[in-house]
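In our numbering, the protein residues as written are 12 to 205.
Report on the following structure.
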Amino acid sequence: MAKLIGKNKIYCAVFISGRGSNLKSIFRYSKKKNSKIILKLVVSNKLSAPGAKFAKKNKIITQIVNYENTIKAEKEILSLLKKNDIKLICLAGFLKILSKNFIKNFNGKIINIHPSLLPKYKGLNTHERVIKNKESYSGCTVHFVNKKLDSGKIILQQKVKLYKLDTPKKLEKRILKIENKIYPKAINQILSKI
Ligand code: GAR
């Protein structure tokens, strides 16, 4: 993990594709006196992402990246990250899969949040699958990103109980609230170890 810079903070980027509730919670954390990050850059692959609007409004450098050509898109992102001295990337509902080469460039400095108790329910439609399988618990996980999807070292995880009348929507809402709490905690945790 990166060394902390002036004021004991590092520059951080958040990658999003949509709503941005985790982005907001990371932003709120970044504004706390004892936080260990300066949220400097938001990357979105979607122009219409509400999270991108929020970032612009809050004067964070916001880049909409056209992903029609992945190689070009990643090149553009890498140069932005270097230019802005970004030492930590937080994926927060970013729906593009980063290439092995990209991950190699930022090895150990990319983290992600996933709405399940990993290693269970990697990939998409987690809540539907959890309910279909009549699980008693689900939850969310913040983990390091490696070359395999949703498989890197777990940083923090929290369980959420399932109820008989749960629908994917209800469960998603309950888990999202917990996600918004544990993401800043996980960031703080990894940066406290430096
Ligand atoms: C969150 O539930 C996050 O865990 C999920 O997308 C949502 C984004 O919400 N990510 C994944 O499923 C990644 N595999 P947000 O835009 O409100 O932060």
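Backbone N, C-alpha and C fix where the C-beta goes; we use that ideal spot for every residue, glycine too.
Here the structure is a predicted model, which is why all the values come from computation and not from measurement.
On a CA-only basis, which of Ser36, Glu146, Ile114 is nearest Ile88? Give me that one, please. Stepping through the sequence shown from its first residue, residue 88 is reached at position 77. The residue with the shortest Cα to Cα distance from Ile88 is Ile114.
Would you say Cys151 touches ligand 1, meaning its beta carbon is less than 7 Å from a heavy atom? Translated into the one-based positions of the sequence shown, residue 151 becomes position 140. For ligand 1, at least one heavy atom lies less than 7 Å from the Cβ of Cys151.
Across which residues does DSSP place Ser149 in a beta bridge pair? Along the sequence shown, read from residue 1 onward, the residue named residue 149 stands at position 138. Answer is Val171.
Count the other CB atoms, across all protein chains shown, that sit within 10 Å of the CB of Thr73; report buried if there are 16 or more and exposed otherwise. On the sequence shown, position 62 is the one that residue 73 refers to. Counting Cβ neighbours within 10 Å, Thr73 comes out buried, since at least 16 surround it.
Can you check the stretch 113 to 138 for any beta strand (DSSP E) of at least 3 residues that lies completely inside it and give the ranges in chain order? 121 to 125
Determine, using beta carbons only, whether Ala60 and Ile27 come nearer to each other than 8 Å. Translated into positions along the sequence shown, residue 60 becomes position 49. Translated into positions along the sequence shown, residue 27 becomes position 16. Yes, Cβ-Cβ distance for Ala60 and Ile27 is below 8 Å.
Count the other CB atoms within 10 Å of the CB of Ile82; is the residue buried (16 or more) or exposed (fewer)? Against the sequence shown, residue 82 aligns to sequence position 71. Taking all protein chains in view, the Cβ of Ile82 is surrounded by fewer than 16 other Cβ atoms within 10 Å, so the residue is classified as exposed.
Endpoints, the beta strand (DSSP E) within which Ile27 is located: Counting from one through the sequence shown, the residue named residue 27 turns up at place 16. First-last of the beta strand (DSSP E) with Ile27: 21 to 27.
In this structure, what does DSSP give as the bridge partners for Gln74? The residue labelled residue 74 in the question sits at position 63 within the sequence shown. According to DSSP, Gln74 bridges with Val54.
Counted within 10 angstroms of its Cβ, other Cβ atoms place Asn191 as buried (16 or more) or exposed: As a position in the sequence shown, residue 191 is number 180, starting the count at 1. Buried, because 16 or more other Cβ atoms sit within 10 Å of the Cβ of Asn191.
If we count Cβ pairs, one from each stretch, closer than 8 Å, do we get three or more for the stretch 92 to 105 versus the stretch 24 to 39? yes
Give me, in chain order, the residues of the same chain whose beta-carbon lies closer than 6 Å to that of His138; leave out the 5 immediate sequence neighbours on both sides. Here residue 138 refers to the residue found at position 127 when the sequence shown is read from its first residue. Excluding sequence neighbours, His138 sits near Pro179, Leu182, Glu183.
In whole angstroms, give me the CA-to-CA distance for Asn80 and Ala63. Position 69 of the sequence shown, counted from the first residue, corresponds to residue 80. Position 52 of the sequence shown, counted from the first residue, corresponds to residue 63. Straight-line Cα distance between these residues: approximately 21 Å.
Would you identify the three-state DSSP class for Ile166, choosing helix, strand or coil? Taking the first residue of the sequence shown as 1, we reach residue 166 at position 155. DSSP places Ile166 in strand when its eight states are reduced to three.
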